[in-house]
Amino acid sequence: MLKNFFTFIAIGLSLAACKTAQKSPQSDDQPSPRVSETLKPDSIQQQQDSLEVAIVIDSTKFQDSVRISVYPLKPDTISIIGVGDIMIGTNFPNTSYLPSDSGKYMLAGVKSVLQDADLTFGNQEGVILNEGGVQKNCSNPDVCYLFRSPEYLAKHYVDAGFDLMSLANNHAGDFGDAGRKNTMRVLEELGIHHAGQLAQPFTIFEKDNMKYGFVAFSPNTGTQSINNLTEAIGIVKHLDSLSDIVIVSFHGGAEGKSHQHVTRETEIFYGENRGNVYNFSHKMIDAGADVIFGHGPHVARAIEVYKNRFIAYSLGNFATYGRFNLRGESGLAPIVKIKVDDEGYFLEGKIISAIQAGAGIPEIDSDNRAALKIKELTEIDFPESKIMIDLKGNIRYLQNQY
Numbered sequence: 383m384l385k386n387f388f389t390f391i392a393i394g395l396s397l398a399a400c401k402t403a404q405k406s407p408q409s410d411d412q413p414s415p416r417v418s419e420t421l422k423p424d425s426i427q428q429q430q431d432s433l434e435v436a437i438v439i440d441s442t443k444f445q446d447s448v449r450i451s452v453y454p455l456k457p458d459t460i461s462i463i464g465v466g467d468i469m470i471g472t473n474f475p476n477t478s479y480l481p482s483d484s485g486k487y488m489l490a491g492v493k494s495v496l497q498d499a500d501l502t503f504g505n506q507e508g509v510i511l512n513e514g515g516v517q518k519n520c521s522n523p524d525v526c527y528l529f530r531s532p533e534y535l536a537k538h539y540v541d542a543g544f545d546l547m548s549l550a551n552n553h554a555g556d557f558g559d560a561g562r563k564n565t566m567r568v569l570e571e572l573g574i575h576h577a578g579q580l581a582q583p584f585t586i587f588e589k590d591n592m593k594y595g596f597v598a599f600s601p602n603t604g605t606q607s608i609n610n611l612t613e614a615i616g617i618v619k620h621l622d623s624l625s626d627i628v629i630v631s632f633h634g635g636a637e638g639k640s641h642q643h644v645t646r647e648t649e650i651f652y653g654e655n656r657g658n659v660y661n662f663s664h665k666m667i668d669a670g671a672d673v674i675f676g677h678g679p680h681v682a683r684a685i686e687v688y689k690n691r692f693i694a695y696s697l698g699n700f701a702t703y704g705r706f707n708l709r710g711e712s713g714l715a716p717i718v719k720i721k722v723d724d725e726g727y728f729l730e731g732k733i734i735s736a737i738q739a740g741a742g743i744p745e746i747d748s749d750n751r752a753a754l755k756i757k758e759l760t761e762i763d764f765p766e767s768k769i770m771i772d773l774k775g776n777i778r779y780l781q782n783q784y
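Okay, structure coming up:
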């Protein structure tokens, strides 16, 4: 008779893309097993699967037999890429603002980089809609641009490797409810997770055996508000209770080259409260967020690691075709790739510099200008920082944080 025991055995199986094992599940809190068989001890066969798994052998309830439960293992390190504003062509006010060749080359120059992560994020600036919709009224037509990207352009997001997108920004309502609903529909059909609209302020999804919570905020009508801290904290706490990693996106802060610094104060721009992005980000991490990607100023801003969690205060413009000012700093298109552990702790990262060529096509920048700009801004805005950025864009702790 077997004596009582409870043992965890982790094995790596045939799939070449298997990831490193995380902690084995505990006996009093196990998920439903993918495979469960009751076998005699002398007849246990080696099982092969396409996943790396944990085999749990439990004989506490069986005297002459063993139950084997097979669980998919979680990775212990996750790579996440974040980029800024994306609008790869608009048919409004006319089709002259659409890229040639159906946008085939819009993301080709950065595709290999974007695909090289477990998860890739961007901000969808504008709506995805072929035609129609109710145009947004603008109080100041001189600073009002409306973006309506035809559906065929969105397929390039999948090809480039995007997994999730924020829909919380000042262009999410450019063409009314029709634009909002169609944007969500198209992304869902493409398998791209999204959040930020009041109809769907957050989402929870699984990828590679990890469960992610994602929520997006902005100061704009029809989106989850960056200025309602009580509600924002509640959402993040809820996601933290259900997810392995919580990612927060915000569209906030004043716009333009004169607003590249994190002021740590509430920013008012064109009479609109664009939030205190410093206070907001810290509150979100206090509530359980693990990674924060900011955008909205149309220029890059500093990065910070707070409580071992990563914050990018603005990732600027990334792929913004035809209707954007891309001169100087506005044309920088940083790609931030970070590595976190299975609890969301920042381990290391890299700023991969891209720049928007021509009318707004991102290409890798051999002069590394985006990384150097973020390095400069970080050293000025966060002199107390526990991280450093080297001349190649690598982000590391100044000393071991563990």
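Residue numbering for the sequence shown follows the numbering used here, beginning at 383 and increasing consecutively. Don't be surprised by glycine CBs; every beta carbon is placed ideally from N, CA and C. Remember, it's a predicted structure, so these values are computed and weren't measured experimentally.
For the stretch 611 to 660, the continuous alpha helix (DSSP H) assignments of 4+ residues that do not extend past its boundaries occur at 611 to 624, in sequence order.
Collapsing the DSSP output to three states places Gly710 in a helix. By alpha-carbon distance to His553, the top candidate from Asp763, Ser600 and Ala741 is Ser600.
Here the C-alpha atom of Ile734 lies approximately 21 Å from the C-alpha atom of Tyr727.
Fully enclosed beta strand (DSSP E) runs of no fewer than 3 residues occupy 736 to 739 and 743 to 746 of the stretch 734 to 761, in order along the chain. In the structure shown, Asn776 falls within a strand segment according to DSSP collapsed to helix, strand and coil.
At a Cβ-Cβ threshold of 7 Å, Ile608 and Gly657 count as neighbours.
Annotated as proximal: Ile574 and Phe544, with beta-carbon spacing under 7 Å. Exclusion of the five residues before and after Lys486 leaves His538 as the residues of its chain whose Cβ lies within less than 8 Å of its Cβ. Straight-line measurement puts the Cα of Lys768 at about 25 Å from the Cα of Ala715.
Between the alpha carbons of Gly508 and Met566 lies a gap of roughly 12 Å.
Three or more Cβ pairs closer than 8 Å define a contact, and the stretch 621 to 628 meets that threshold against the stretch 669 to 679. For Gly731, the three-state secondary structure derived from DSSP is strand. Following the DSSP letters along the chain, one finds Tyr487 in no alpha helix (DSSP H), marked with neither H nor E. For Val568, there is no enclosing beta strand (DSSP E); the enclosing alpha helix (DSSP H) has its first and last residue at Gly558 to Leu572. Under the 10 Å beta carbon count, Gln642 is surrounded by 16 or more other beta carbons and is classified as buried.
Counted as a single uninterrupted DSSP element, the stretch harbouring Ala581 is not any beta strand (DSSP E), since DSSP gives it neither H nor E. DSSP places Asp500 in the coil class of the three-state scheme, outside both helix and strand. For Ser548, the CB contacts under 6 Å within the same chain, skipping 5 residues up- and downstream, are Asn505, Gly578, Ala598 and Ser631 in chain order. Going by C-alpha positions, Leu489 is about 27 Å away from Glu758. Excluding the 5 residues flanking it on each side, Asn655 has same chain C-beta neighbours closer than 7 Å at Pro601, Asn609 and Thr648, in chain order. Residue pairing of Asp467 in beta bridges, as defined by DSSP: Asn505 and Asn699. The straight-line gap separating the alpha-carbon atoms of Lys721 and His633 is approximately 23 Å. C-alpha of Ala536 to C-alpha of Pro481: approximately 13 Å in a straight line.
Take Leu569, set aside five residues on each side of it, and the residues of its chain with a beta-carbon closer than 6 Å to its own are His576, in chain order. The beta carbon of Arg778 is closer than 7 Å to those of Glu730, Ile769 and Met770 in its chain, skipping five residues each way along the sequence.
Sequence-distant Cβ neighbours of Met469 in its own chain, meaning closer than 7 Å and more than five residues away, are Glu507, Gly508, Phe529, Ser531, Thr702 and Tyr703.
In the structure shown, Ala554 adopts coil according to DSSP, grouped into three states. Between the beta-carbon of Lys639 and that of Gly710 there is about 7 Å, and that keeps the pair under the 8 Å contact cut.
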